[in-house]
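S.K.:
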Ligand SMILES: Nc1ncnc2c1ncn2[C@@H]1O[C@H](COP(=O)(O)OP(=O)(O)O)[C@@H](O)[C@H]1O
Ligand SMILES: [Mg+2]
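Chains as they are written, first to last, in the numbering used here: chain A, 22 to 376; chain B, 6 to 282.
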């Protein structure tokens, strides 16, 4: 047999999407995101009674950040409570570079990612010695130190006043409304998803998983544990930085209170709900979390409007509902939505049309 | 049993591949290794035998630096490697399998073997994430090499996509050898590769070890309890007892060495009868 044929076989075998069927559906979905969804949002708004486009943008931003924390926590096994703050580093970096140093957005965005990566790697250094909960506490320190720095470095960050962020713009094109920004976020969300998925088909991705599963064996086959633990912090924070920068350009006014430990915990919740160590998990988790937040918001608003006297209760009911749903989720779906998706997919494989 | 495979032996005076000098290792008060010195020649199959707790595994652990000996030196191809970290030891060509299997149990056989190639691959974060051009080509070449050189040799075509945890013990041992081979090792340290295997699996494993030794010219250090296998496939045998080397020589000499017989008499009868077999 000619060796070219072998090559062809392995190439097919190593594909992410094993059948044209799955790949076809993926393209349908992407085309829908670009050419379908933006045109039906006004109808969806009426049905769902919340701002659907805004929700989609938030979801897209969270998908990018969720891939980040998934690489660190899901794939490398290092829990981080600092991702809220890492997102802040990206947000402030891009804002400061544009307003104070005159950078164009196209440069300030990657710089935001790179600086956040550097900061993340510095705070990842304790992973040389610390594992599990201890490392988690070390990342908590990152959260507080970064928050503190932003609050106090008034000259640069506006301190407790926050700072205004200019619109994102590429060339002469300004992303000055939700629809334009939606496209920007989707392109980046899809790109980072593809990047993450690919990463785990190659050497560095495999090494991350090896470090997570059995670091002793990983080291004995030549994986430099420290290097990969730090690298994981780097990529993870890079994505958090990109997400943070997008968030900043989207909401236009940033303030340190948006990037507290609550945001860090939210990220962890997203990947746990979606599925740790699964790229799809980051996507499902983000959709579920952001969607649920919006739904509960609408429900509590409408109930308060109908029963104005009970308004204080409904506000807390929203929080309680949220907690309850997450707890139920962890009990009944501990492996996350991505695992549920796999079982559903396995079921449909038997369907005559799939080949 | 594997008589026909017996090999001619590496002549004395062959190049020294790995040597350990006066290794001392203790855990608290317990002396696991008590001044062990030996030299392993290039291309040979060097067996280490001895009763349970003799310090065989500890010696391998010192070589790839999982344990840090309190005293002593280790040389590989003429260079001292005593102070290298475990991942450096792996990258210079010393591979290892374990008495208790150390595979990545949740991954497929293929991914485990690919991980073995880690130090030889160049794809970084960016090339990996983009996965076209260089990253893609390297992955394809890797897959091809693994299929043709390793999966084929060890006859594990049928299980390449299986998750390791689902495989029976004997096959897991074989996969661990496959992963070690993927490291393109110059020296392969095998810690009881046949333990817990049935006769057929044991013979297969012995055959694989001989194949690798001959075709790849890999030096092999083998810890094994099955004396039949040890006598058949090894060029030289070293005997450890209570952390000290009590004998070393050709398999025939070792079989007749009174000290060795005595050391084994202290153990269960079964081992002794296996030695005599
Ligand atoms: N990590 C360890 N901690 C404490 N004692 C150990 C450790 N590793 C090995 N030992 C002890 O060292 C001695 C030699 O063990 P080992 O090298 O595993 O023997 P063998 O492989 O020859 O059966 C044993 O007494 C064992 O209990
Ligand atoms: Mg042992």
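Cβ atoms here follow ideal geometry from the backbone N, Cα and C, with glycine treated the same way.
Could you check whether the Cβ of residue 244 of chain B sits closer than 7 Å to any Cβ belonging to chain A?
M.R.: For the purposes of this step, residue 244 of chain B is identified with residue 239 of the second chain, where counting begins at 1. It does not; no Cβ of chain A falls within 7 Å.
S.K.: Looking at residue 184 of chain B: is its Cβ nearer than 7 Å to the Cβ of residue 31 of chain A?
M.R.: Here residue 184 of chain B refers to the residue found at position 179 when the second chain is read from its first residue. Here residue 31 of chain A refers to the residue found at position 10 when the first chain is read from its first residue. Result no, Cβ atoms of residue 184 of chain B and residue 31 of chain A do not sit closer than 7 Å.
S.K.: Pull up the distance between the alpha-carbon of residue 227 of chain B and that of residue 117 of chain B, whole angstroms please.
M.R.: Within the second chain, the letter at position 222 stands for residue 227 of chain B. Within the second chain, the letter at position 112 stands for residue 117 of chain B. For residue 227 of chain B and residue 117 of chain B, the distance between alpha carbons rounds to 22 Å.
S.K.: Can you check DSSP and say which residues form a bridge with residue 104 of chain B?
M.R.: Counting from one through the second chain, the residue named residue 104 of chain B turns up at place 99. Residue 104 of chain B pairs with nothing; no bridge assigned.
S.K.: Would you call residue 27 of chain B buried or exposed, if buried means 16 or more other Cβ atoms sit within 10 Å of its Cβ?
M.R.: In the second chain, the residue the question calls residue 27 of chain B occupies position 22. Exposed is the call here.
S.K.: Determine the closest residue to residue 97 of chain A out of A/249, A/263, A/334, A/301, with distance taken between C-alpha atoms.
M.R.: The residue labelled residue 97 of chain A in the question sits at position 76 within the first chain. Per the Cα distances, A/249.
S.K.: According to DSSP, which residues form a beta bridge with residue 241 of chain B?
M.R.: As a position in the second chain, residue 241 of chain B is number 236, starting the count at 1. DSSP lists B/51 as partners of residue 241 of chain B.
S.K.: Should residue 383 of chain A be labelled buried (16 or more other beta-carbon atoms within 10 Å of its own) or exposed?
M.R.: The structure shown does not extend to residue 383 of chain A, since chain A is modelled only from 22 through 376, so no value can be given for it.
S.K.: Does the region 231-249 of chain A come close enough to the region 86-100 of chain B to have 3 or more Cβ pairs within less than 8 Å?
M.R.: With a cut-off of 8 Å, the region 86-100 of chain B and the region 231-249 of chain A count as touching, because enough Cβ pairs lie within range.
S.K.: Using the rule of at least 16 other Cβ atoms within 10 Å of the residue's Cβ for burial, across every protein chain shown, is residue 133 of chain A buried or exposed?
M.R.: Position 112 of the first chain, counted from the first residue, corresponds to residue 133 of chain A. Buried is the call here.
S.K.: Where residue 157 of chain B and residue 31 of chain B are concerned, what is the direct C-alpha to C-alpha distance, given to the nearest angstrom?
M.R.: Reading the second chain from its first residue, position 152 is the one you call residue 157 of chain B. Reading the second chain from its first residue, position 26 is the one you call residue 31 of chain B. Those two C-alpha atoms are separated by around 42 Å.
S.K.: Taking 6 Å as the cut-off, is the beta-carbon of residue 40 of chain B closer than that to any non-hydrogen atom of ligand 1?
M.R.: The residue labelled residue 40 of chain B in the question sits at position 35 within the second chain. No - ligand 1 has no heavy atom lying nearer than 6 Å to the Cβ of residue 40 of chain B.
S.K.: Which value, in whole angstroms, describes the spacing of the CA atoms of residue 278 of chain B and residue 77 of chain B?
M.R.: On the second chain, position 273 is the one that residue 278 of chain B refers to. On the second chain, position 72 is the one that residue 77 of chain B refers to. A caution first: residue 278 of chain B carries a pLDDT of 45, below 50, which makes its placement in the model unreliable, though a value can still be read off. Those two C-alpha atoms are separated by around 35 Å.
S.K.: Distance cutoff 7 Å, beta carbons only. Does residue 238 of chain A sit that close to anything in chain B?
M.R.: The residue you call residue 238 of chain A lines up with position 217 of the first chain. So, interface residue.
S.K.: On a CA-only basis, which of A/187, A/143, A/110 is nearest residue 10 of chain A? Give me that one, please.
M.R.: Outside the modelled stretch of chain A, which goes from 22 to 376, sits residue 10 of chain A, for which no answer is possible.
S.K.: Please report the straight-line C-alpha distance between residue 361 of chain A and residue 354 of chain A, rounded to a whole angstrom.
M.R.: Here the question's residue 361 of chain A lines up with position 340 in the first chain. Here the question's residue 354 of chain A lines up with position 333 in the first chain. Spanning the two alpha carbons is a distance of roughly 8 Å.
S.K.: So residue 23 of chain B packs on residue 192 of chain B, CB below 8 Å; how close in whole Å?
M.R.: If you number the second chain from 1, residue 23 of chain B lands on position 18. If you number the second chain from 1, residue 192 of chain B lands on position 187. Indeed they touch by this definition, with Cβ atoms about 6 Å apart.
S.K.: Is any heavy atom in ligand 2 found nearer than 6 Å to the beta carbon of residue 62 of chain B?
M.R.: As a working note, residue 62 of chain B is residue 57 in the second chain. For ligand 2, at least one heavy atom lies less than 6 Å from the Cβ of residue 62 of chain B.
S.K.: Between the C-alpha atoms of residue 121 of chain B and residue 33 of chain B, what's the straight-line distance to the nearest angstrom?
M.R.: As a working note, residue 121 of chain B is residue 116 in the second chain. As a working note, residue 33 of chain B is residue 28 in the second chain. C-alpha separation (whole angstroms): 34 Å.
S.K.: Whose C-beta lies closer than 6 Å to the C-beta of residue 188 of chain B among residues of the same chain, with five residues either side of it excluded?
M.R.: Your numbering for residue 188 of chain B matches position 183 in the second chain. Answer for residue 188 of chain B: 100, 121, listed in chain order.
S.K.: Have a look at the DSSP bridge pairing and note the partners of residue 231 of chain A.
M.R.: Taking the first chain and counting its residues from 1, one reaches residue 231 of chain A at position 210. None, per the DSSP bridge assignment.
S.K.: Give a yes or no on whether the minimum CB-CB distance between residue 38 of chain A and chain B is below 7 Å.
M.R.: In the first chain, counting from the first residue as 1, residue 38 of chain A sits at position 17. It does not: the Cβ of residue 38 of chain A has no partner Cβ on chain B nearer than 7 Å.
S.K.: Chain A partners of residue 240 of chain B, CB-CB under 9 Å?
M.R.: Locating residue 240 of chain B in the second chain gives position 235, where the first residue counts as 1. Near residue 240 of chain B there are no residues of chain A at all, since even the closest Cβ is about 25 Å away, more than 9 Å.
S.K.: Hey, residue 194 of chain B and residue 65 of chain B are a contact pair by Cβ (cut 8 Å); roughly how many whole angstroms apart?
M.R.: As a first step, residue 194 of chain B is located in the second chain; it is residue number 189 there, counting from the start. As a first step, residue 65 of chain B is located in the second chain; it is residue number 60 there, counting from the start. With a Cβ gap of about 5 Å, residue 194 of chain B and residue 65 of chain B count as contacting.
S.K.: Judging by CA-CA distance, which residue of B/259, B/234, B/213, B/175 is the nearest neighbour of residue 154 of chain B?
M.R.: Here residue 154 of chain B is taken as the residue at index 149 of the second chain, counted from 1. Nearest option by C-alpha distance: B/213.
S.K.: Between the region 157-177 of chain B and chain A, which residues of the former have a C-beta closer than 8 Å to a C-beta of the latter?
M.R.: The residues in question: there are none.
S.K.: Note down the Cα distance separating residue 61 of chain B from residue 68 of chain B, rounded to an integer number of angstroms.
M.R.: Position 56 of the second chain, counted from the start, is the residue given in the question as residue 61 of chain B. Position 63 of the second chain, counted from the start, is the residue given in the question as residue 68 of chain B. Spanning the two alpha carbons is a distance of roughly 11 Å.
S.K.: Please confirm whether residue 146 of chain A has its beta-carbon closer than 7 Å to some beta-carbon of chain B.
M.R.: Residue mapping note: residue 146 of chain A aligns to position 125 of the first chain, counting from 1. Chain B contact via Cβ: absent.
S.K.: Quick one: give me the first and last residue of the alpha helix (DSSP H) that residue 162 of chain A is part of.
M.R.: In the first chain, counting from the first residue as 1, residue 162 of chain A sits at position 141. Run containing residue 162 of chain A: 153-173, per the alpha helix (DSSP H) assignment.
S.K.: Any idea if residue 219 of chain A is buried or exposed, counting beta-carbon neighbours within 10 angstroms, 16 or more meaning buried?
M.R.: Here residue 219 of chain A refers to the residue found at position 198 when the first chain is read from its first residue. Looking at its Cβ environment, which holds 16 or more other Cβ atoms inside 10 Å, residue 219 of chain A is buried.
S.K.: If you measure from the CB of residue 32 of chain B, is any heavy atom of ligand 1 nearer than 6 Å?
M.R.: Here residue 32 of chain B refers to the residue found at position 27 when the second chain is read from its first residue. Answer for residue 32 of chain B: yes, Cβ within range of ligand 1.
S.K.: For the alpha helix (DSSP H) that contains residue 237 of chain A, what are its first and last residues?
M.R.: Mapped onto the first chain, residue 237 of chain A falls at position 216. Element bounds for residue 237 of chain A: 236-241.
S.K.: Going by C-alpha distance, which of B/259, B/105, B/63 is nearest residue 236 of chain B?
M.R.: Here residue 236 of chain B corresponds to residue number 231 of the second chain, with the count starting at 1. It is B/259 whose Cα lies nearest to the Cα of residue 236 of chain B.
S.K.: Using the three-state DSSP reduction, which class does residue 184 of chain A fall into: helix, strand or coil?
M.R.: By 1-based counting over the first chain, the position of residue 184 of chain A is 163. Of the three classes helix, strand and coil, the one that applies to residue 184 of chain A here is strand, per DSSP.
S.K.: Relative to ligand 4, is the shortest distance from any of its heavy atoms to the C-beta of residue 59 of chain B smaller than 6 Å?
M.R.: With respect to ligand 4, the structure offers nothing, as its ligand set consists of ligand 1 and ligand 2.
S.K.: Between the alpha carbons of residue 87 of chain B and residue 94 of chain A, how many angstroms are there, rounded?
M.R.: Start at 1 with the first residue of the second chain, and residue 87 of chain B comes out as number 82. Start at 1 with the first residue of the first chain, and residue 94 of chain A comes out as number 73. Taking the straight line from one Cα to the other gives about 34 Å.
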